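Line order of the protein sequences matches chains H and P. Going from the first sequence to my numbering is simple: count from 1 and add 362. Going from the second sequence to my numbering is simple: count from 1 and add 17. Written out below as structure tokens is the structure these notes cover.
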Amino acid sequence: MVTTIKSTALDFSNIKTNLKTHLQNTTEFTDYNFEASGLSNILDVLAYNTHINGLTTNFALNESFLGTAQLRSSVVSLATGIGYVPDTSTSAKATLGVTLNLAGLAGRPTTVSLPRGSRFTSSVDDVTYSFQTIIAHEATDDGNGSYIFKTADGSSAVEVFEGTSKTKTFLVGEFNEADVYIIPDETLAGESVLVTVTEGDTVTTYINITAATTISASSLIYILKEAPNGFYQLSFGGNGILGVSPPAGSSITVSYLSTKGATANTAKDFTAVDTVTVLGSARTLTKPTVTAAAIAGGPKETIESIRTNAPFQYATQNRMVTPEDYTAIILRNFSTLINDICSWGGQDNPEPKFGTVFSAIDFETDVTETTKTATKLSIENLVKQLAVISFNIEFADPVTTFIETDVFYQINPNLTPLSNNAITTSIDTIINNYFTTNLGKFKKAFRRSALLTLIDEVSSAVLSSRAIVRMQQEITPVLNVFNSFTLTYPSAIAIPAAKSSPGITDYVVTSGPFLIDGISCTIRNEQYANVATNKLQVISGQDGTVIVDNIGSFNSVTGILTIVAFRPTALNTGTSIKISVLPANQSAIAPERNNILRYDAGASNIVAVTTEADY
Amino acid sequence: MATKLSTEDGNLGISTLVGTRTKLYKDIDITFANKSSGEIFKKEDAAAVKQAVKNLMLTNYFEKPFQPLFGGNLREMLFDLADEDAEEDIEDRVKNAIGVFEPRAQVLNVLAVSTPDRNEIKVTVEFRVINTQETVTVSTVLARLR
């Protein structure tokens, strides 16, 4: 018998029922069951109060944990509590070549400066965006009056960031450790923030605590974090441990860019807005050349991203020890450029290399080679600062293995008003969606049964389905010379099975067509009546004769396929040849390390097999 | 001849048959008037049902938690024209509300009388408490507070 209120029953009607159950055991009042009675009104009040209190407590508890919090302010606060600073909005960043031509100008200076905040404009979809530099650049006369602006480390890549320049000035009153300075802007780009403190004639620049590798009582650092209302708050250590606090009477100036985020990405045609003053006159910059179009602009870090990344970041403690630390810290610093990343220790490499951590980075599609190189250099510098032991980092390029599927499905046309072509189109869409959703990243496995389940659900007229799966990689040979390739497939390769009269589908290795001395050929493993080996041969597409008997082999267990002394004279299409192999396990292909699986729709087939069966 | 009952039926033979309804209606007095001892009054039997009917009439939709359609919802008619249709509408609403939410009352008659000059409508409900012969009348005046 329930005589007390269950604290776990938060539903209003449950609470009220519990109260009624309690009253059933008393004789004082009996009208609790009549909804119009005064007693029922009292029970309503009591139950509603308990209900609201229960819900409030439930909400409060949910908001207390990173895994369950729903409000952004709670997630940000909890992440901040474990030392994770959520990303601010990021400006789209373009890399330009900026020059000034002063040829013929008498008495021209040796060096010219391009200050922070020099503006450039560009348009995306007919919307004009303002970009600007966030550091100063210097240019030196090349002797002919041409000045190429460069960074302090000598690079001529001038980075410009999208956004509107804003400045906030705070006057420091009597010192108080709890002072925080609010920047009422939700679209502040953290990378562009410059904090200076002016005391008399002295201007001191402070750096962000996230960029500091060591902190002492005299460090000039500031802390910038998201406030509960989405704005940003600036604070300083000031307690003699976390650095110097601005003295009373000084003024704090915060300069930053307020960005429009991802909308300015892809901007690639820039015009200089500001001029450079030389010998007292304004000089117009030459139209900038674009080294890399604008990329990496984006909104604030999302709640789900914070929820995922904060615990990993906490686990790393801002130090690079385990491969996961490398992944977490690289992501923290370069997340806008990276689609996916995977790191592993050298001891786990196919060819062990101790003292090295390997990172495979799958960059976003719009990231240029120049930016990739610069990013990898930045990561190496980061590793030097944060690695606990003297580990090296090596970058392994992502290896994309394409999956080809030959799908056969049984269909009874009487069970659907749709044509076979329409069903095939639906299945094609389903397959593409499956690969887009589930693959395309590191450590994402292909499961044939999951795919076939989706295909079976396309229509009740689809009675069954099966699929033959192949793994495919590409080689890009140089024509008319001997080429060697080593392909490492992410899964074991099938062992060739000897058959009395083998068909085309019995070959474990097949390739796309190419020409040798005018003859169309393909590469296949050796296979003829009652013989099947791991040896690779070049076979004529015209009569099936062997053109080159041994151009390599494959190891079924390791999945490594080797091609040697391969000399094609022409290719049918493109510049590469697809090499497809049957996996030993058709059911699942689970890539490791730097392998990524993607779908090759062009090399895949869908075949409808009509049947009269209706169940 | 003496009537005997089995041991399982206990003292059923000596209980007195007093009617079909053996349990009193006992409700709290919603006015919270208190006795000199500090305790609040109770409403019992017909008085309890009468209080419930009045309470029901004066409750509007969405007032009772999680029962949005509970009540007579007479306030909704506050700015309607005070004509015969309004009186009829009020009578229907009261009858319907009692029929749905107050099973202890059987409505005998509902009378709404409009007094436009005084900006009020007097509603009189005559009902019988179920399982008794007792007829009860509730009257209330619907008027704007200001």
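Each residue gets a CB set at the ideal place from its N, CA and C atoms; glycine is no exception. Keep in mind the model is a prediction, meaning the values are calculated, not measured.
Q) Does the distance from the CB of Tyr618 of chain H to the CB of Phe598 of chain H come in under 7 Å? A) For the purposes of this step, residue 618 of chain H is identified with residue 256 of the first sequence, where counting begins at 1. For the purposes of this step, residue 598 of chain H is identified with residue 236 of the first sequence, where counting begins at 1. Their beta carbons are not under 7 Å apart, which means Tyr618 of chain H does not touch Phe598 of chain H by this criterion.
Q) Counting along the chain, where does the beta strand (DSSP E) carrying Leu440 of chain H start and finish? A) As a first step, residue 440 of chain H must be located in the first sequence, where it is residue number 78. Leu440 of chain H -> not in any beta strand (DSSP E); alpha helix (DSSP H) instead, spanning Arg434 to Gly443.
Q | Buried or exposed (CB count within 10 angstroms, at least 16 for buried), Phe844 of chain H | A | Indexing the first sequence from 1 puts residue 844 of chain H at position 482. Within a 10 Å sphere around the beta-carbon of Phe844 of chain H sit fewer than 16 other beta-carbons, which makes this residue exposed.
Q: Check the Cβ of Arg134 of chain P against every Cβ in chain H and list those closer than 7 Å, keeping chain order.
A: As a working note, residue 134 of chain P is residue 117 in the second sequence. Looking at the sequence itself, residue 134 of chain P is Asp, so the reference to Arg does not match. Within 7 Å Cβ-Cβ: nothing; Asp134 of chain P doesn't reach chain H, min ~32 Å.
Q: Using a Cβ-Cβ cut-off of 7 Å, state whether Asp393 of chain H counts as contacting chain P.
A: Working through the first sequence from its first residue, we reach residue 393 of chain H at position 31. Closer than 7 Å: yes.
Q) CB-CB under 8 Å to Asn782 of chain H, same chain, minus the five flanking residues each way: which ones, in chain order? A) Indexing the first sequence from 1 puts residue 782 of chain H at position 420. Close CB contacts of Asn782 of chain H within its chain, under the 8 Å cut and outside five residues either way in sequence, are with Ile773, Pro775, Ala970 and Thr972 (chain order).
Q: For Ala69 of chain P, return the contacting residues in chain H, with the cut-off set at a CB-CB distance below 9 Å.
A: If you number the second sequence from 1, residue 69 of chain P lands on position 52. Counting only Cβ-Cβ distances below 9 Å, Ala69 of chain P has contacts in chain H at Asp393, Phe396, Glu397, Ala398, Ser399, Gly400 and Ser402, in chain order.
Q: Compute the beta-carbon to beta-carbon distance between Ile57 of chain P and Asn403 of chain H, rounded to the nearest angstrom, for a pair I have assumed lies under 8 Å.
A: Along the second sequence, read from residue 1 onward, the residue named residue 57 of chain P stands at position 40. Along the first sequence, read from residue 1 onward, the residue named residue 403 of chain H stands at position 41. That pair is no contact at about 14 Å.
(Q) In the DSSP assignment, the alpha helix (DSSP H) including Arg110 of chain P goes from what residue to what residue? (A) Here the question's residue 110 of chain P lines up with position 93 in the second sequence. First-last of the alpha helix (DSSP H) with Arg110 of chain P: Glu101 to Phe118.
(Q) Can you tell me where the beta strand (DSSP E) holding Ala829 of chain H begins and where it ends? (A) Reading the first sequence from its first residue, position 467 is the one you call residue 829 of chain H. From DSSP, the beta strand (DSSP E) with Ala829 of chain H extends over Val824 to Ile837.
Q. Which chain H residues are close to Lys43 of chain P, counting only those with a beta carbon under 9 Å from its beta carbon?
A. As a first step, residue 43 of chain P is located in the second sequence; it is residue number 26 there, counting from the start. By Cβ distance, chain H contributes Thr389, Glu390, Phe391, Thr392, Asp393 and Leu401.
Q: Determine contact between the stretch 638 to 658 of chain H and the stretch 467 to 483 of chain H, defined as no fewer than three beta-carbon pairs at a distance below 8 Å.
A: With the cut-off at 8 Å, the stretch 638 to 658 of chain H and the stretch 467 to 483 of chain H touch.
Q: Would you check if there are 3 or more beta carbon pairs closer than 8 Å linking the stretch 693 to 705 of chain H to the stretch 464 to 476 of chain H?
A: Contact annotation: the stretch 693 to 705 of chain H does not touch the stretch 464 to 476 of chain H, with fewer than three C-beta pairs closer than 8 Å.
Q.
Does any residue of chain H have a CB that is nearer than 7 Å to the CB of Glu151 of chain P?
A. As a first step, residue 151 of chain P is located in the second sequence; it is residue number 134 there, counting from the start. Taking a beta-carbon distance threshold of 7 Å, Glu151 of chain P does not count as an interface residue toward chain H.
(Q) Could you tell me the alpha carbon to alpha carbon distance between Leu744 of chain H and Trp706 of chain H, rounded to whole angstroms? (A) For the purposes of this step, residue 744 of chain H is taken as residue 382 along the first sequence, with counting starting at 1. For the purposes of this step, residue 706 of chain H is taken as residue 344 along the first sequence, with counting starting at 1. Cα-Cα distance, rounded: 17 Å.
**Q.** Between the CA atoms of Ser915 of chain H and Ala658 of chain H - distance to the nearest angstrom
**A.** The residue you call residue 658 of chain H lines up with position 296 of the first sequence. The residue you call residue 915 of chain H lines up with position 553 of the first sequence. Cα-Cα distance, rounded: 43 Å.
(Q) Here's a check: name, in chain order, each residue in its chain whose Cβ is nearer than 7 Å to the Cβ of Lys734 of chain H, leaving out the five neighbours to either side. (A) The residue labelled residue 734 of chain H in the question sits at position 372 within the first sequence. Correct list, in chain order: Phe725.
(Q) Between Asp406 of chain H and chain P, is the shortest Cβ-Cβ distance under 7 Å, so that the two count as touching? (A) Within the first sequence, the letter at position 44 stands for residue 406 of chain H. At least one C-beta of chain P is nearer than 7 Å to the C-beta of Asp406 of chain H.
Q: Could you tell me which chain H residues have their CB closer than 7 Å to the CB of Phe118 of chain P, listed as they occur along the chain?
A: The residue you call residue 118 of chain P lines up with position 101 of the second sequence. Within chain H, the residues near Phe118 of chain P are Glu397 and Ala398.
Q: Would you mind telling me which residues of chain H sit closer than 8 Å to Gln84 of chain P, beta carbon to beta carbon, in chain order?
A: Residue numbering aside, residue 84 of chain P sits at position 67 when the second sequence is read from its first letter. Near Gln84 of chain P (Cβ distances below 8 Å), the residues of chain H are Glu397.
Q | Asp504 of chain H versus Gly459 of chain H - alpha carbon distance | A | Counted from its first residue, the first sequence places residue 504 of chain H at position 142. Counted from its first residue, the first sequence places residue 459 of chain H at position 97. Distance between Asp504 of chain H and Gly459 of chain H, taken at the CA atoms: about 15 Å.
**Q.** Beta-carbon proximity list for Val555 of chain H, same chain, < 8 Å, skipping 5 on both sides
**A.** Walking along the first sequence from the start, residue 555 of chain H turns up at place 193. The beta carbon of Val555 of chain H sits closer than 8 Å to those of Asn570, Leu586, Val616, Ser617 and Tyr618, all from its chain and outside the five residues before and after it, given in chain order.
Q: Could you pull out every unbroken beta strand (DSSP E) segment of at least 3 residues lying fully inside the stretch 695 to 760 of chain H, listed in chain order?
A: 700 to 707, 718 to 725 and 754 to 757, all fully within the stretch 695 to 760 of chain H.
(Q) If you follow the alpha helix (DSSP H) that Thr379 of chain H is in, where does it begin and where does it stop? (A) For the purposes of this step, residue 379 of chain H is identified with residue 17 of the first sequence, where counting begins at 1. Thr379 of chain H -> alpha helix (DSSP H) spans Phe374 to Gln386.
(Q) Am I right that Ala736 of chain H and Ala456 of chain H are in contact with their C-beta atoms under 8 Å? What's the rounded C-beta distance? (A) As a first step, residue 736 of chain H is located in the first sequence; it is residue number 374 there, counting from the start. As a first step, residue 456 of chain H is located in the first sequence; it is residue number 94 there, counting from the start. Contact flag wrong, Cβ pair sits at about 13 Å.
Q | Endpoints, the alpha helix (DSSP H) within which Asn680 of chain H is located | A | Position 318 of the first sequence, counting from 1, holds the residue named residue 680 of chain H. Counting along the chain, Asn680 of chain H falls outside any alpha helix (DSSP H), and DSSP gives it neither H nor E.
Q) Short check: CB of Arg121 of chain P to CB of Val66 of chain P, under 7 Å? A) Numbered from 1 along the second sequence, position 104 holds the residue referred to as residue 121 of chain P. Numbered from 1 along the second sequence, position 49 holds the residue referred to as residue 66 of chain P. Going by C-beta atoms, Arg121 of chain P is nearer than 7 Å to Val66 of chain P.
Q: Please decide whether Leu95 of chain P counts as near chain H, where near means a Cβ-Cβ distance under 7 Å.
A: For the purposes of this step, residue 95 of chain P is taken as residue 78 along the second sequence, with counting starting at 1. The C-beta of Leu95 of chain P comes no closer than 7 Å to any C-beta of chain H.
Q. Is Val158 of chain P near Glu137 of chain P, with beta carbons less than 7 Å apart?
A. Along the second sequence, read from residue 1 onward, the residue named residue 158 of chain P stands at position 141. Along the second sequence, read from residue 1 onward, the residue named residue 137 of chain P stands at position 120. In this structure, Glu137 of chain P lies closer than 7 Å to Val158 of chain P by Cβ.
Q. By a C-beta neighbour count over all protein chains shown, 10 Å radius and 16 as the cutoff for buried, is Gln150 of chain P buried or exposed?
A. Indexing the second sequence from 1 puts residue 150 of chain P at position 133. With fewer than 16 other Cβ atoms within 10 Å, it is exposed.
Q: Would you kindly work out how many angstroms separate the C-alpha atoms of Arg478 of chain H and Ser517 of chain H, rounded to a whole number?
A: The count along the first sequence starts at 1 and reaches residue 478 of chain H at position 116. The count along the first sequence starts at 1 and reaches residue 517 of chain H at position 155. Inter-residue distance for Arg478 of chain H and Ser517 of chain H is about 16 Å (C-alpha atoms, whole angstroms).
Q | Partners in chain P for Ser375 of chain H, counting only beta-carbon separations shorter than 8 Å | A | By one-based count along the first sequence, residue 375 of chain H stands at place 13. Result: Phe83.
Q) Would you report the Cα separation of Gln889 of chain H and Tyr869 of chain H, rounded to the nearest angstrom? A) Sequence index remark: in the first sequence, residue 889 of chain H carries index 527 (1-based). Sequence index remark: in the first sequence, residue 869 of chain H carries index 507 (1-based). Going from the Cα of Gln889 of chain H to the Cα of Tyr869 of chain H covers about 7 Å.
(Q) Spatial neighbours of Thr732 of chain H within its chain, please: C-beta separation below 7 Å, excluding the five flanking residues on both sides. (A) Residue mapping note: residue 732 of chain H aligns to position 370 of the first sequence, counting from 1. Cβ neighbours of Thr732 of chain H beyond the five flanking positions: Thr457, Thr653 and Ala654.
Q: Note down, in chain order, each residue of its chain lying with its Cβ closer than 6 Å to the Cβ of Gly802 of chain H, except the 5 sequence neighbours on either side.
A: Taking the first residue of the first sequence as position 1, residue 802 of chain H is located at position 440. Only residues of its own chain outside the window of five on either side were considered, and among them Arg960 have a CB closer than 6 Å to the CB of Gly802 of chain H, listed in chain order.
Q.
Strictly by DSSP, which residues pair up with Asp911 of chain H?
A. Looking up residue 911 of chain H in the first sequence gives position 549. None; Asp911 of chain H has no bridge partner.
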